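Quick note: the sequence shown, position 134, residue 604 per my numbering, numbers continuous.
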Amino acid sequence: MVEIKGGGGTAWFFYAMYTSPDSSQRRLLWDELTTLAASIDNSWLLAGDFNDTVSIEERHSGSLDMQRRCDRFKHWIANNALIDLGYSGPKFTCMRGNTARTRQDARLDRALYNMSHENFKDFVASNWNQQWPIVSLLKEFVGKLQAWNQEASKALTTFSLGDKKASNIWQDDNLM
């Protein structure tokens with residue numbers, strides 16, 4: 471866990487993840503992270519290999535057991551108010567097997583965050599006008615919310631560690 475502070479704003483936490491392929495070890499980690507999340511008020515970001523997927527579509531193939539496993543992981547994400555940052559590039563981050571029969575591709579790497587931003591409640595209160603027609607209100611509010619979110623989320627994409635930008639950290643040979 472790394473605590474990130476910058477620009478006089480509230481600190482947030484970064485966790486680099488490698489989750490065990492063993493399901494019992496994964497469940498222990500999910501439980502520990504849930505307990506930890508309940509004890510901190512700051513935003514946090516988890517990124518790395520989760521060794522789990524949220525849907526069968528994130529795997530080359532799957533079974534009913536795999537669907538249950540996906541559902542557990544998806545519920546864990548939802549219960550901890552985490553948001554998936556999505557991906558760019560190849561759909562699958564782990565590719566194994568040389569033949570169609572042995573092929574096991576999956577999206578195991580991801581970045582999840584929860585954003586408990588101290589200004590969000592104030593932002594909603596000052597921008598939600600109950601006297602506007604709902605359609606106009608939603609259009610106006612969504613535009614303002616997108617602008618606010620872009621500004622509030624800059625810390626996730628612009629923080630630096632020494633002279634390295636966050637986008638370059640994963641490419642650093644010393645970290646592999």
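For glycine and all other residues, C-beta sits at the position ideal for the given N, C-alpha and C. Note that this is a predicted model, so its numbers are computed, not measured.
- Listed in chain order, the non-local C-beta contacts of Pro491 below 6 Å within the same chain comprise Asn521, local neighbours out to five positions each way being set aside.
- As a beta-bridge residue in DSSP terms, Gly518 pairs with Met487 and Arg580.
- A check of alpha carbon separations from Met471 across Leu516, Glu528 and Val524 identifies Leu516 as the nearest.
- C-alpha of Arg580 to C-alpha of Glu610: approximately 32 Å in a straight line.
- Annotation for Glu502: the continuous alpha helix (DSSP H) segment containing it runs Ser493 to Ser509.
- Note on Tyr488: under 16 other CB atoms within 10 angstroms of its CB, so exposed under the neighbour-count rule.
- The residue from His545, Tyr583 and Ser525 with its alpha-carbon nearest to that of Met536 is Ser525.
- Cβ contact annotation for Lys475 (same chain, cutoff 8 Å, sequence separation greater than five): Ala481, in chain order.
- Of the candidates Gly613, Phe543 and Glu473, Glu473 places its Cα closest to the Cα of Asn512.
- The Cβ-Cβ distance between Leu552 and Asn584 falls below 7 Å.
- Taking the CA atoms as reference points, Leu499 sits about 37 Å from Lys614.
- Taking C-beta atoms as the reference points, Trp514 and Phe483 count as a pair closer than 7 Å.
- Across the set Leu503, Arg529, Ile547 and Arg538, the C-alpha of Leu503 shows the shortest separation from the C-alpha of Tyr485.
- The secondary-structure analysis by DSSP pairs Asp554 across a beta bridge with Leu582.
- Taken atom to atom, the span from the alpha-carbon of Ser493 to that of Ala617 is near 40 Å.
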